[in-house]
Every structure is written in C-alpha cells, then in structure tokens.
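Inspection log for the structure reproduced underneath, given as structure tokens.
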Amino acid sequence: MSIFVKSETDKIELVIDGQDHWIEVRRRLTAGARKKMEGSAFTHVEESASHAGEVALSFDPARMSVAKIVAYLVDWSFTDEGTKVPVSKAMVEMLTEEAYATVEKAIDAHEARVKGKKSEGPATSTLAMSAPVSHSAE
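For the sequence shown, position 56 matches number 60 in the numbering used here, and the numbering has no gaps at all.
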C-alpha cells in the first residue's frame with residue numbers, strides 16, 4: 005500500500021428534484037487538502053488577552069461544509085439554462101438548499117464508505133439520493 009494518495013475518482017449518481025445528476029469526487033483527500041479543508045472553518049485566531057499562551061478560535065461550521073464539498077468535487081453534471089456549470093466554491097454556494105444537501109450527504113456517505121473499505125479498489129456501485137421536493141402553495 006502506497007503512502008501517497010492516488011488521484012482516483014468515483015462517480016456518484018444523484019436524483020435532485022426528480023432529475024438525474026451525477027458528481028465525480030476524489031476517492032480520498034491528500035493530507036494537505038484535508039488540512040486546508042479543516043483550517044477553512046476557523047474564521048478568527050487570536051492570542052487570549054486573559055490567559056497567556058492560550059489561543060482563542062472562532063469556528064464557522066458552514067465554511068467547513070462548503071470546503072469539504074469543494075475539496076472532494078472534481079466534476080458534476082449540473083447545468084444552468086443548458087450550459088454546463090464549472091465546479092467552484094462560488095457555484096457550490098449558489099446551489100439550492102435541496103441540491104446542496106443532496107451533494108453534501110452523498111459526499112459524506114462516500115467518505116464513510118471509503119474509510120470503511122480502506123482502499124479495497126474502485127467503487128462498484130452508485131449512490132442514489134433524492135432531495136425533498138418542495139411544492140409551493142398557490
């Protein structure tokens with residue numbers, strides 16, 4: 005087993021608002037990518053004025069969520085008015101709440117599956133997830 009992360013990806017099938025989509029994700033994150041993702045959640049770091057040698061941290065879990073999605077995403081099938089949308093932090097933040105939740109859950113499940121398998125090889129199945137369909141009252 006190599007001590008270096010291979011650049012392998014997995015495709016995950018999704019259903020969002022009744023439409024078929026897919027995301028391509030990194031099988032595993034490198035140590036550097038994980039540290040960058042984890043560090044993104046800290047919004048403010050300063051030395052404690054009242055306790056010498058201590059550091060005060062401000063944590064924003066929403067930033068960690070976006071950073072995790074961006075760290076794992078390689079590609080997706082999402083389009084806007086017929087044009088393929090590139091994967092970026094800005095575009096992840098522009099997703100509907102339902103689409104965002106579906107992508108986040110799929111990546112969380114992928115990460116758990118990979119951690120459980122410990123490099124047993126390529127994924128042999130896909131994950132289908134459906135976001136709740138909202139109906140507007142008229």
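Note that CB positions come from ideal geometry on N, CA and C, so glycine has one too. Quick caveat, the model's predicted, so the values are computed rather than measured.
- Item | Helix, strand or coil at Ser62 according to DSSP, with G and I counted as helix | Residue mapping note: residue 62 aligns to position 58 of the sequence shown, counting from 1. DSSP places Ser62 in strand when its eight states are reduced to three.
- Task: Could you say which of Ala116, Lys121, Val118, Ile111 lies nearest to Glu28 if we only look at CA atoms?
- Result: Residue 28 sits at position 24 when you count from the first residue of the sequence shown. Taking only the C-alpha atoms, the option nearest Glu28 is Ile111.
- Item | Close-in-space but distant-in-sequence residues of the same chain around Val91 (CB under 8 Å, 5 per side omitted) | Taking the first residue of the sequence shown as 1, we reach residue 91 at position 87. Hits under 8 Å: Val74, Leu77, Val78, Asp79, Trp80.
- As assigned by DSSP and simplified to three states, the class of Thr83: One-based indexing of the sequence shown puts residue 83 at position 79. Of the three classes helix, strand and coil, the one that applies to Thr83 here is strand, per DSSP.
- Query: Considering Thr13, what are the terminal residues of the beta strand (DSSP E) in which it resides?
  - Reply: Against the sequence shown, residue 13 aligns to sequence position 9. Unbroken beta strand (DSSP E) run through Thr13: 13–20.
- Could you tell me whether the stretch 25–42 touches the stretch 6–13, where touching means 3 or more Cβ pairs closer than 8 Å? yes
- Task: Give every residue of the same chain whose Cβ lies closer than 7 Å to the Cβ of Met95, excluding the five residues on either side of it in the sequence, and list them in chain order.
- Result: Here the question's residue 95 lines up with position 91 in the sequence shown. Answer for Met95: Val89, listed in chain order.
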